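The sequence shown runs 41 to 157 under the working numbering. The structure under discussion appears below in the form of structure tokens.
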Amino acid sequence: MKLAFLLCLFLICTCIGVSQDFTTIHAFQYWGTLQTPVEKMIFLNGFTNGFFAGSRTSAFLSFDECLENNLTTVQAIAMVDKYYKENPEKWNLPLGNGIVLALIVKGGPCAGKDPWK
41 MKLAFLLCLF LICTCIGVSQ DFTTIHAFQY WGTLQTPVEK MIFLNGFTNG FFAGSRTSAF
101 LSFDECLENN LTTVQAIAMV DKYYKENPEK WNLPLGNGIV LALIVKGGPC AGKDPWK
């Protein structure tokens, strides 16, 4: 009985470990799996909080200021949705890169605010 319990526990832990690869950087294609505006809002808020927690270069700060002053969360989600739909060739990019590219798109309120320059 103990052996069966330990075997089940081992299998459960192994399956959890295999199915949750925390080292994976998701591709921009992941954005398409977010179905509701609430899911997208939560994801985008988490992304921007993490993104801006790291760097303090002037380019990052300029991009951050632009987002804070020129875009609502609803507008940012709409921009990422539009960019995602119009650029399927970019779905293989890292998710963060796709989001930033959507938010600095030419003609948008944060055009030219590339945080990586």
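Just so it is clear, CB atoms sit at the ideal spot from N, CA and C, and this is done for glycine as well. Just so you know, these numbers come straight off a predicted model, no measurement behind them.
Is it buried or exposed, Pro155, if we count other Cβ atoms within 10 angstroms and call 16 or more buried? buried
Helix, strand or coil: how does DSSP classify Pro155 here? coil
Can you tell me whether Val78 is buried or exposed, with buried defined as 16 or more other CB within 10 angstroms of its CB? exposed
Is the distance from the Cβ of Phe92 to the Cβ of Asn137 below 8 Å? no
In this structure, what does DSSP give as the bridge partners for Ala67? Pro134
Going by C-alpha distance, which of Lys125, Thr64, Ile144 is nearest Cys106? Ile144
DSSP three-state label for Gly147, please. coil
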